[in-house]
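Have a look at the structure below before the remarks.
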Ligand SMILES: Cc1cc2nc3c(=O)[nH]c(=O)nc-3n(C[C@H](O)[C@H](O)[C@H](O)COP(=O)(O)O)c2cc1C
């Protein structure tokens, strides 16, 4: 059975939007492939790098899950990937150029398009280590998708486009042949004004809970 490793590159680990998407993907993949999710932040904390890198070299396919932090990838994930590159230089026999690599990137703002540079970086990284880049998904409104996970299934009209993108990725993983295609940059179907209003209300409620006034939120610290 083919082995797929999901690298969860969010510092939030099990509580991340990335984990939510990985779980949704696993549902689509069913029992046809063996799946393992690895939390990069945990590996770094436990200093378990070498055995994890060895595991990565044994996978048939890799899905790099990540999220945008100040328009780029979580620093822990970046250093983890850089070290993997070094690992492959030290152990060139373990390099597996046929390993297919995909990326599953999400961000907080509505527009999934914002992930395009992060996806490009992951493509460059994949090409640099000599693995086989396939394509990436850039999915917007991550926190909204996560917050509504129990109320709204992926088939719900707001989420349907994201659900379709995950289906494209699952089909590519199950496909015997490679699927090299353009990245899919997807935003949920919700008007921007409604999304902003919901976001503003969320932060106001959070502030109230923490006894912070709206005026204090707007204060400039510089
Ligand atoms: C410090 C910080 C910086 C962030 N920077 C961005 C950003 O530049 N663009 C964006 O769209 N979202 C940004 N976000 C929102 C996250 O990308 C969003 O919450 C995402 O869904 C988190 O995914 P995860 O739970 O898988 O880590 C930021 C969040 C934090 C806490």
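In this note's numbering, the protein residues as written are 87 to 308.
By construction, the Cβ of each residue, glycine as well, lies at the ideal position given by its N, Cα and C atoms.
Computed from a predicted structure; not experimentally measured.
1. Would you kindly check if the distance between the Cβ of residue 204 and the Cβ of residue 159 is under 8 Å?
2. Below 7 Å, is the gap between the Cβ of residue 195 and the nearest heavy atom of ligand 1?
3. Assign residue 144 to buried or exposed, taking buried as 16 or more other Cβ atoms, counted over all protein chains shown, within 10 Å of its Cβ.
4. Label residue 236 either buried or exposed according to how many other C-beta atoms from any shown protein chain fall within 10 Å of its C-beta, with 16 as the threshold for buried.
5. Tell me which residue opens and which closes the beta strand (DSSP E) that residue 90 is part of.
6. Straight-line CA distance for residue 214 to residue 178?
7. Helix, strand or coil, according to DSSP, for residue 221 in the structure here?
8. When you compare each of 212, 121, 181 to residue 164 by their alpha carbons, which one comes out closest?
9. Quick check on DSSP: helix, strand or coil for residue 185?
10. Is any heavy atom of ligand 1 found at a distance shorter than 7 Å from the C-beta of residue 104?
11. Hey, is the segment 168-175 in contact with the segment 101-121, meaning 3+ C-beta pairs nearer than 8 Å?
12. Helix, strand or coil for residue 122, going by three-state DSSP, please let me know.
13. Can you tell me which residues form a DSSP beta bridge with residue 212?
14. Within a Cβ cutoff of 6 Å, which residues of the same chain sit near residue 180, ignoring the five residues on either side of it in sequence?
15. For residue 208 and residue 189, I'd like the C-alpha separation in whole angstroms.
16. Can you name the residues that DSSP bridges to residue 158?
17. Look up residue 149 in the DSSP assignment and say whether it is helix, strand or coil.
18. Report yes if the C-beta of residue 163 is less than 7 Å from at least one heavy atom of ligand 1; otherwise report no.
19. State buried or exposed for residue 124, treating a residue as buried only when at least 16 other CB atoms are found within 10 Å of its CB.
20. May I ask you to report which of helix, strand or coil DSSP gives residue 272?
21. Under DSSP, the alpha helix (DSSP H) around residue 139 begins and ends at which residues?
22. Drop a sphere of 10 angstroms on the beta-carbon of residue 288, count the other beta-carbons inside from all chains shown, and report buried for 16 or more, exposed for fewer.
Looking at the atomic coordinates:
1. Position 73 of the chain shown holds residue 159. Position 118 of the chain shown holds residue 204. Yes, the pair counts as a contact, with Cβ atoms nearer than the cut-off.
2. As a position in the chain shown, residue 195 is number 109, starting the count at 1. Yes, the beta carbon of residue 195 sits closer than 7 Å to at least one heavy atom of ligand 1.
3. Here residue 144 is taken as the residue at index 58 of the chain shown, counted from 1. It is exposed - the Cβ of residue 144 has fewer than 16 other Cβ atoms within 10 Å.
4. Against the chain shown, residue 236 aligns to sequence position 150. Label assigned to residue 236: exposed.
5. In the chain shown, the residue the question calls residue 90 occupies position 4. Taken as a continuous stretch (DSSP letters only), the beta strand (DSSP E) holding residue 90 covers 89-94.
6. In the chain shown, counting from the first residue as 1, residue 214 sits at position 128. In the chain shown, counting from the first residue as 1, residue 178 sits at position 92. Using only the alpha carbons, I get a separation of about 13 Å.
7. Position 135 of the chain shown, counted from the start, is the residue given in the question as residue 221. In this structure, residue 221 counts as strand in the three-state DSSP scheme.
8. For this step, residue 164 is matched to residue 78 along the chain shown. Of the candidates 212, 121, 181, the one whose C-alpha sits nearest the C-alpha of residue 164 is 212.
9. The residue given as residue 185 occupies position 99 in the chain shown. Residue 185: coil per DSSP, three-state reduction.
10. As a first step, residue 104 must be located in the chain shown, where it is residue number 18. The answer is yes for residue 104.
11. no
12. On the chain shown, residue 122 is found 36 positions in, with the first residue counted as 1. Strand, per DSSP.
13. Here residue 212 corresponds to residue number 126 of the chain shown, with the count starting at 1. None; residue 212 has no bridge partner.
14. Your numbering for residue 180 matches position 94 in the chain shown. Hits under 6 Å: 143.
15. Walking along the chain shown from the start, residue 208 turns up at place 122. Walking along the chain shown from the start, residue 189 turns up at place 103. The alpha-carbon atoms of residue 208 and residue 189 are separated by roughly 7 Å.
16. To locate residue 158, count along the chain shown from 1; it is residue 72. Answer by DSSP bridge pairing, in chain order: 155.
17. As a working note, residue 149 is residue 63 in the chain shown. Here residue 149 sits in strand by DSSP.
18. Position 77 of the chain shown, counted from the start, is the residue given in the question as residue 163. Flag unset: Cβ of residue 163 not near ligand 1.
19. By one-based count along the chain shown, residue 124 stands at place 38. Flag for residue 124 reads buried.
20. On the chain shown, position 186 is the one that residue 272 refers to. Residue 272 falls in the strand class under three-state DSSP.
21. Taking the first residue of the chain shown as position 1, residue 139 is located at position 53. First-last of the alpha helix (DSSP H) with residue 139: 135-144.
22. In the chain shown, counting from the first residue as 1, residue 288 sits at position 202. Exposed is the call here.
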